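Asker: To convert, note that position 96 of the sequence shown is 1276 in the numbering used here; the numbers rise steadily by one, no gaps.
The beta-carbon is built from N, C-alpha and C at its ideal position, and this holds for glycine as well.
As the structure is a computational prediction, the values presented were derived from the model and not from experiment.
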Amino acid sequence: MKKLLSVLLAVCMLACALPFAASAAQPRYLVLGDSIAFGSGLANPREAVYGRIVADTEGYEYENYAVPGHTTQNLLGRMETPAVRDAIEKADIINISIGGNNFLLGNLNGLLYDGIVKQDYTRIEQIADGFYADLGEILAKIRALNPDAAVLVQTIYNPQTGYVGEVYLAGAERMNARIRQFAADHPGEILIVDAAAYLTDSAADFAADRIHPSAAGNEKIAAAVVKTLAENGLGQDAALVINTPGVDARGTGMFTVFVNLYGRLFHMLAVIRNAFRGLIK
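#1: Given this structure, state the Cα-to-Cα distance separating V1347 from G1279, to the nearest angstrom.
#2: Under the three-state reduction of DSSP, which class applies to P1367: helix, strand or coil?
#3: Which residue comes first and which comes last in the alpha helix (DSSP H) that contains Q1299?
#4: How big is the Cα-Cα spacing for D1328 and I1274?
#5: For D1374, which option in E1227, Y1301, K1400 has the closest C-alpha, if you only look at C-alpha atoms?
#6: Cβ atoms of G1219 and V1229: under 7 Å apart, would you say?
#7: Rounded to a whole number of angstroms, what is the C-alpha to C-alpha distance between Q1163 and A1205?
#8: Using a 10 Å radius around the Cβ and a threshold of 16 neighbouring Cβ atoms, would you call R1390 buried or exposed?
#9: Is S1186 helix, strand or coil by DSSP?
#10: Write down the C-beta distance between V1333 and I1370 rounded to the nearest angstrom, noting that I regard them as a contact closer than 8 Å.
#11: Between G1345, R1323, A1357, which lies nearest to F1311 when the distance is taken from Cα to Cα?
#12: Would a C-beta distance cut-off of 7 Å place A1402 and V1211 closer than the cut-off?
#13: To the nearest angstrom, how far is the alpha carbon of F1386 from that of D1365?
#14: Cutting at 7 Å between CB atoms, please list the residues of its own chain near E1317, excluding the five before and the five after it.
#15: Comparing alpha-carbon positions, which option in E1241, N1423, A1396, L1349 lies nearest Y1301?
#16: Apart from the five residues on each side of it in sequence, which residues of its chain come closer than 7 Å, Cβ to Cβ, to K1407?
#17: Between the Cα of D1214 and those of L1285, N1326, G1351, spot the shortest distance and give me the residue it belongs to.
#18: Using C-beta distances below 7 Å, list every residue in its chain close to A1202, excluding the 5 sequence neighbours before and after it, in chain order.
#19: Starting from N1254 and walking both ways along the alpha helix (DSSP H), at which residues does that stretch end?
#20: Please report the distance separating the alpha-carbon of D1236 from that of N1423.
#21: Classify T1261 as buried or exposed, calling it buried when 16 or more other Cβ atoms lie within 10 Å of its own Cβ.
#22: Please classify L1184: is it buried, with 16 or more other beta-carbons within 10 angstroms of its beta-carbon, or exposed?
This is the structure we're talking about:
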């Protein structure tokens, strides 16, 4: 009887320990980057951003240290903070969305003028080259803290249409080319999540500001991440688990209104420039 009780006690202890063992083995999923990763197109980003959907779908522990407006240089600085360093050290999977603000912030008027009026993308090429260099520094910092984590880098999508959309597309294509070049130059260092292939120019994919993904757009990015994880043996290609439906952020879209106005003005200037080439430099 004592022997039987001992066996039963051991079985009970093992059974009680299993949930804790499973919890300890739960992969840690960390999201870094910009307003896309933060979920700025949503009224409830904490509950419905694509990173949250991925974590709920795959059963990951989840942390998100993305900051709206961040460029690659901002991300490099943020990676020096103790909380982010600790999260990087503990992460099994690190998902990065970065680069769009590199050419969007502080450069847009010049880029629109160069692209629409002059058909000159030299400045975008320079920004893309700087992005490639920064990506190398970001990966070096991650590897110094965590040599083993899988690092996912998202491609940059084009949310605009018309004349402005042409310049956005030129920028996105060049930035994405640098991401793919980095992956080719550093085999095994990053996995590419082709978010740009999942988001179209459909209004449903974007919030009212016509920059950030809507609730539907976040679900599409989550699907792209889940697919990439499954293809690389890091997760299951399962149906998305959406515990809290996303709510699109309210907005007037005034940024896009003004940007498109600039686009039309620059197009008119391009027509005049072509008609009187040599008179307008």
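Answerer: Short version:
#1: Rounded to whole angstroms, the gap between the alpha carbons of V1347 and G1279 is 15 Å.
#2: P1367: coil per DSSP, three-state reduction.
#3: From DSSP, Q1299 is part of no alpha helix (DSSP H); its letter is neither H nor E.
#4: Distance between the alpha carbons of D1328 and I1274 is about 10 Å.
#5: Comparing Cα-Cα distances from D1374 to each of E1227, Y1301, K1400, the minimum goes to K1400.
#6: Result yes, Cβ atoms of V1229 and G1219 sit closer than 7 Å.
#7: Only positions 1181 to 1461 of the chain appear in this structure, which leaves residue 1163 out of reach.
#8: By the 10 Å Cβ count, R1390 comes out buried.
#9: Because S1186 sits at a pLDDT of 47, beneath the cut-off of 50, its placement in the model cannot be relied upon, and the following sentence gives the value as read from the coordinates. In this structure, S1186 counts as helix in the three-state DSSP scheme.
#10: Contact between V1333 and I1370 holds, since their C-beta atoms are separated by about 5 Å, short of 8 Å.
#11: When the alpha-carbon of F1311 is set against those of G1345, R1323, A1357, the nearest one is in A1357.
#12: Not a contact, by the Cβ cut-off of 7 Å.
#13: C-alpha separation (whole angstroms): 33 Å.
#14: Around E1317: L1256.
#15: Among E1241, N1423, A1396, L1349, the Cα nearest to that of Y1301 is on L1349.
#16: Apart from the 5 residues on each side of it in sequence, K1407 sits with its Cβ closer than 7 Å to the Cβ of D1417 in its chain, given in chain order.
#17: Each of L1285, N1326, G1351 was checked against the Cα of D1214, and the nearest Cα belongs to L1285.
#18: Caution is warranted here: a pLDDT of 42 is assigned to A1202, below 50, making its placement in the model unreliable, and the coordinate value is therefore given only provisionally. Taken in chain order, the list of residues that qualify is empty.
#19: That run of the alpha helix (DSSP H) goes 1252-1258.
#20: Taking the straight line joining both Cα atoms gives about 8 Å.
#21: The residue is exposed, with fewer than 16 neighbouring Cβ atoms inside 10 Å.
#22: Model confidence at L1184 stands at a pLDDT of 35, short of 50, so the residue's coordinates are unreliable; what they give is reported in the following sentence. Its Cβ having fewer than 16 others within 10 Å, L1184 is exposed.
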